[in-house]
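As they're listed, the protein sequences go chains A and B. Heads up: the first sequence is residues 19 to 313, going by my numbering. Heads up: the second sequence is residues 16 to 157, going by my numbering. No residue lacks a Cβ here, since even glycine has one placed at the ideal position from N, Cα and C.
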Amino acid sequence: MANLRDIKKRIVSVQSTRQITRTMEMVATAKIKKAQERIESARPYAFAMVEVLQNVARYVQGASHPLLEEHDARERVVVVTITSDRGLCGAFNSNILRITENLIRSEAEAGVETDVIAVGKKAIGYLRYRGIEPVASYRDIADKPTFTDARSIASSIIGRYTAGEIDAAYIVFNRFKNVAEQKPETYQLLPVERRVMETEEEQGSGVRAEYLFEPSAESVLEHLLPTYVETLVYRALMESAASEHGARRTAMKSATDNASEMITTLTRSYNRARQAAITTEIAEIVGGAAALEEA
Amino acid sequence: MARTLLCEIVTPEKIVYTNEVEMVIAPTLDGEVGILPLHAPLVTVLRPGELRVRYNDNKDVEWFAVSGGYLQVHQDKVIVLADAAEHSSRIDVDRARHAKELAEQRMTELKERPAEAREDADACQADLKWCEIQLQVAERRS
C-alpha cells in the first residue's frame, strides 16, 4: 500500500489541477456568451447582404462575374483552415486538421494541388510538422476576429481566383450549433454558388418591387460579390471562435469532473491507509502490553 | 407629423444606428443621393464619405462616417450596409489622427518600391481615406 505522504501529495496536485480546469471552464463559459453575442450582432448585416444580393441577381439574368464562373480545368485549390491559438479544447482542432488533410489527399488523388491558408497557431504548428507549408498564416485573430481580418483573408483568395491562379476555394471551420455542440464543416467559398442568389418564390403577392440600381445592376453585383465572400469568411471566423470556447468548456468540465472523482478515490485510499496504520499501531501496543504482562 | 422612413445602418460587426427619420443623404459613387419617404426601391453602391440623416421636421441632423458599402431602399426602409460606420459623436479623434499619420508614413514607404506593393498601397490609401473622413465628420459635431 502506498504510503500516506505519497497519497497526500497526489491529492494536493490533483486539487490544484482541478482548480485550473475549473477556472478555465468558467472563463470559457463567459467567453461563449460574448462570442455568441458577436455572432448575433453580425446577423442583420448578413441577412441584409443576402437580400440585396438576391434582389440584384434577379435583375442580372444569366449574371456573369469572375467569382461566379467555374474554371474549366481544376488544377489548384485553396483551403482556409480555421483553428484556435490555444489548446485544451478537446477534439476541436484535430477534427479540423483531419478534414483538411483528407481534403488535401483527395484533391491530390485527382491531380489537384492544394494551397493552405492557416488561421490559428494550432494549424500553423501542425501543418509545419506535417511538412505542409501554408501560403499564408494568421495568428492571434482566432479569439476576437474582426472584419478587417476576414477581409484580408478573403481579398487574397479573390485576387488569386480572378487571376486564374486557383480554381476553387474552401473553408474548413467548426460551426457553432449550440453551447455544447460544434460541428466541423467544409464550405465552398469560390466559385460563389449560384443557388445563394436564388430566392425562394415569393409567397402571396405576386408583385415584385421594381428596383432602381445605381450605377447599374451589373456594377452593384460586381461590388457585392467580393463583400459577400468576405462576410462568409467573417462568419466562419466568428463561429469558430464561439465553438472554441464551447469545446473548451466541455473539455474542461469533464476534466474537472474527472479530477473530483480522482480526489474522492485518493481520499478514500488515504483514509484506508491511515486507518490501517492506526490499526497496526494499536495491535503492536496491545501485543507489547500483553508480552509485558506475561513476563 | 411628417411621413418617415426607417433608417438602419449596419456593419458586419454591429448595428450602428436605427431610427425613424425624414431624410437620408448618402455618398454614392458619382455624387450623393437623398432619400425621402415613398422613394422608389433602389440599390446603390456607396463610396467612402459622409452620410447624414435628418429628422424632427428636418431640424435635427446626425452625421456618420461610412467607409463605403451598399444602400437599399424598399418600402420606406433604408438599409445601409457599410464596411465600417461611426456616428460623429463616437469617433475617436485622437485615434483617427494617429492612424492617419501611420497610414501616411506607410504610404511614403510604399512609394519607394511601387512595383511589389500595389495591393498594399491600395489598402493603405483606403485606410488613409477612412481616417480623413472620420476626422472630417468628427468636426461636424456641434
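Can you check DSSP and say which residues form a bridge with B/Leu86? B/Thr59, B/Val95
I need the DSSP call for A/Val153, collapsed to helix, strand or coil. A/Val153 falls in the coil class under three-state DSSP.
Entirely enclosed alpha helix (DSSP H) segments - the segment 88-134 of chain A, minimum 4 residues: 110-127
Collapsed DSSP secondary structure at A/Glu220 in the structure displayed: Low per-residue confidence applies at A/Glu220: pLDDT is 48, beneath 50, and the placement is therefore not dependable enough to give any value.
Tell me where the alpha helix (DSSP H) around A/Leu242 begins and ends. Segment 235-312, the alpha helix (DSSP H) holding A/Leu242.
Compare the C-alpha of A/Leu230 against each of B/Ile50, B/Arg121, B/Ile30 and name the closest. B/Ile50
Cutoff 7 Å: B/Ile94 Cβ touching any chain A Cβ: yes
Under 7 Å, Cβ to Cβ, is there at least one residue of chain A near B/Asn29? Before going on, a small fix: residue 29 of chain B reads as Lys here, not Asn. Chain A contact via Cβ: present.
Short check: CB of B/Lys144 to CB of B/Pro63, under 7 Å? yes
If the cut is a Cβ gap below 8 Å, which residues of chain B does A/His241 touch? Val60, Tyr85
Below 8 Å on the Cβ atoms is my guess for A/Gly182 versus A/His83; work out the distance and round it to an integer in Å. The C-beta distance from A/Gly182 to A/His83 rounds to 14 Å, too long to fall under 8 Å, and the pair is not in contact.
With burial defined as no fewer than 16 other Cβ atoms inside 10 Å of the residue's Cβ, what is the status of B/Val152: buried or exposed? buried
Residues of the segment 154-182 of chain A with Cβ closer than 9 Å to any Cβ of chain B, in chain order: The segment 154-182 of chain A vs chain B, Cβ under 9 Å: Thr164, Phe165, Thr166, Ala168, Arg169, Ser170, Ser173, Ser174, Gly177.
Nearest-angstrom Cα separation, counted from B/Ala97 out to B/Ser103: 15 Å
Check A/Ala46 in the structure and name its three-state DSSP category. helix
Report yes or no: is there a C-beta of chain B within less than 7 Å of the C-beta of A/Ser59? yes
I want to see whether chain A comes within less than 7 Å of B/Ala118, judged by CB atoms only; does it? no
B/Gln43, DSSP secondary structure in three states: The sequence given here places Thr at residue 43 of chain B; Gln does not occur at that position. The answer is strand: DSSP assigns B/Thr43 an E or B state.
Going by DSSP, what residues sit across from B/Asn34 in a beta bridge? Bridge pairing for B/Asn34: B/Cys22 [DSSP].
Taking the alpha carbon of B/Asp45 as the reference point, which residue from A/Glu232, A/Tyr63, A/Thr180 has its own alpha carbon closest? With distances taken between Cα atoms, B/Asp45 lies closest to A/Glu232.
Cβ neighbours of A/Ser223 in the same chain (closer than 8 Å, five flanking residues each side left out): For A/Ser223, the predicted model reports a pLDDT of 44, less than 50, meaning its position is unreliable; a value from the coordinates is still stated below. Once the five neighbours on either side are set aside, A/Ser223 has no close Cβ partner at all.
If you drop the 5 nearest sequence neighbours on each side, which residues of the same chain put their C-beta closer than 7 Å to that of B/Ala17? Glu37, Asp72
Per DSSP, cross-strand counterpart(s) of A/Ala186: A/Val95
What do you reckon, are the CB atoms on A/Arg189 and A/Tyr205 nearer than 7 Å? First, the amino acid is wrong: residue 189 of chain A is Ile here, not Arg. Yes; because the gap between Cβ atoms is below 7 Å, this pair is in contact.
Verify the CB distance criterion: does B/Pro56 have a CB-CB separation below 7 Å to chain A? yes
Please state the DSSP three-state secondary structure of A/Gly143. In the structure shown, A/Gly143 sits in a helix (DSSP, three-state: H, G or I).
Helix or strand or just coil, what does DSSP make of A/Asp161? coil
Considering Cα atoms alone, identify which of B/Gln87, B/Ala80, B/Asn34 is closest to B/Ile106. B/Ala80
Terminal residues of the continuous alpha helix (DSSP H) containing B/Leu53? First-last for B/Leu53: undefined, no H or E at that position.
Does the segment 66-74 of chain A come within contact of the segment 103-114 of chain A, defined as at least 3 CB pairs closer than 8 Å? no
Between B/Leu44 and chain A, is there a C-beta pair that is closer than 7 Å? yes
Using a beta-carbon distance below 7 Å, is A/Ser223 in contact with chain B? A caution first: A/Ser223 carries a pLDDT of 44, below 50, which makes its placement in the model unreliable, though a value can still be read off. Taking Cβ atoms only, chain B never reaches closer than 7 Å to A/Ser223, which makes this a no.
In the DSSP output, what is A/Asn196 paired with across the bridge? A/Glu199
Mind checking if B/Val68 is an interface residue toward chain A, Cβ cutoff 7 Å exclusive? no
One question on the structure: do A/Ala277 and A/Leu22 come within less than 7 Å of each other, judged by their Cβ atoms? Taking the C-beta atoms as reference points, A/Leu22 is found no nearer than 7 Å to A/Ala277.
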